[in-house]
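Working notes, beginning with the structure itself.
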Amino acid sequence: MSASEKWTAPRVRGLKGRRRIAMLTAYDCPTARLLDAAGIPIALVGDSVGMTQLGYETTLPVTLEQMIHHTAAVARGAGRALVVADLPFLSYQPSLADAIRSAGRLVKEAGADAVKLEGGEAYADTVRALIACGIPVMGHVGLLPQSVRALGGYRTQGRTEESAERIRRDARALDEAGCFAIVLECIPAGLAAEITRAVSAPTIGIGAGPECDGQVLVVNDLLGLSERTPGFVRPYARLRETIGEAFAKFRQDVESGAFPGAPG
Ligand code: KIV
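Going by our numbering, the residue at position 83 of the sequence shown is 74; the numbering climbs one at a time, nothing skipped.
Set out below in structure tokens:
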């Protein structure tokens, strides 16, 4: 593939076993532009936008309208990157018709190239219905933030044999339903490695060890903007400090008259 070519869901799927896949979340146009310039093939407009940008405690309050707003901004800047938009809580769970309408709006109104949904076996028919409409689907198993109330918190999943077996089944069901990639969130590295070998779609891990086909991070965590980060995150920059210092310096300069200074 030439460097100038747009990433598509089939191309991403074709990377399995050939090249590891980097994916980052993006919630706005400038971040999408930078991500694309760095050659990152997938921009995920995660419903984590609710926690990272909108100040919610969980992803549960995020609405489809908010996802459309942020996805459209990312799509305007994404260039070659594949734009994957999260289907937010209750936008796809009630019925296949709801799922098709919600995913359709993300593609048609916001310019998403694909959608992501949380859940396994129970959503295999939803994945099939979306694919039948021409919408590529990324799956998501393991820790499912939209189920945080049922899970009792943001905890590693798949630690017991029963839970591990459910996650294996979920990943296989999504693979068979045709997902072009599957996110594995917060599961033991051994289980993620096993699932990665068992499914034909590339797996993209977050807190799931090194043997996934790719890795995703929340951009705020990678940039060192988050107040708290999970232990598996590696901050590649320390922007909280940098921005805090810049703001404090600006305030001092305004108060002292150093900015804007004497007219030139
Ligand atoms: O919403 C999100 O950012 C996600 C990633 C953590 C995979 O789903």
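The beta carbon of each residue, even a glycine, is placed where N, CA and C say it ideally should be.
With 7 Å as the limit, the residues whose C-beta approaches any heavy atom of the ligand KIV more closely are T16, L35, G37, D38, S39, T50, D77, K107, H131, P136, V174, E176, I197, V207, V209, in sequence along the chain. Assignment of alpha helix (DSSP H) within the region 131 to 162, counting only whole runs of 4 or more residues, yields 139 to 142 in chain order. The continuous alpha helix (DSSP H) containing T62 extends over residues 55 to 68. Annotation: K99 is outside any beta strand (DSSP E); the continuous alpha helix (DSSP H) that includes it extends over 87 to 99. Under the 8 Å Cβ criterion, the region 40 to 51 does not count as touching the region -6 to 2, having fewer than three qualifying pairs.
In the displayed model, G200 falls within coil according to three-state DSSP, outside both helix and strand. For the pair S247 and G215, the Cα-to-Cα distance works out to about 30 Å.
V65 places its beta carbon 8 Å or farther from that of A113. Taking 8 Å as the cut-off, the Cβ atoms of A34 and L26 count as close.
With a threshold of 16 other beta carbon atoms within 10 Å, C203 meets it and is buried.
In the DSSP assignment, K107 is bridged to D77, M129.
Relative to V210, the option among G8, L15, K7, C124 whose CA is nearest is L15. Within the same chain, G133, A155, I158, I178, P179, L182 come within 7 Å of G149 by CB-CB distance, once the 5 residues on both sides are set aside.
The beta carbons of A69 and A23 sit closer together than 8 Å. About 18 Å separates the beta carbons of D104 and P79, which is beyond the 8 Å limit, so they are not a contact pair. Note on geometry: alpha-carbon atoms of Q84 and H61 lie some 21 Å from one another.
Distance between P193 and R163, taken at the CA atoms: about 12 Å. When secondary structure is reduced to three states using DSSP, E48 falls in the coil class, being assigned neither helix nor strand. Residue pairing by DSSP puts A172 in a beta bridge opposite M129.
Counting along the chain, L26 sits inside the alpha helix (DSSP H) bounded by residues 20 to 28.
Rounded to whole angstroms, the gap between the alpha carbons of I195 and G130 is 10 Å. Residues T194, E202, C203, D204 of the same chain have their beta carbon placed closer than 7 Å to that of T187, with the five preceding and five following residues left out of the count.
D161 and E167 have their alpha carbons spaced roughly 10 Å apart.
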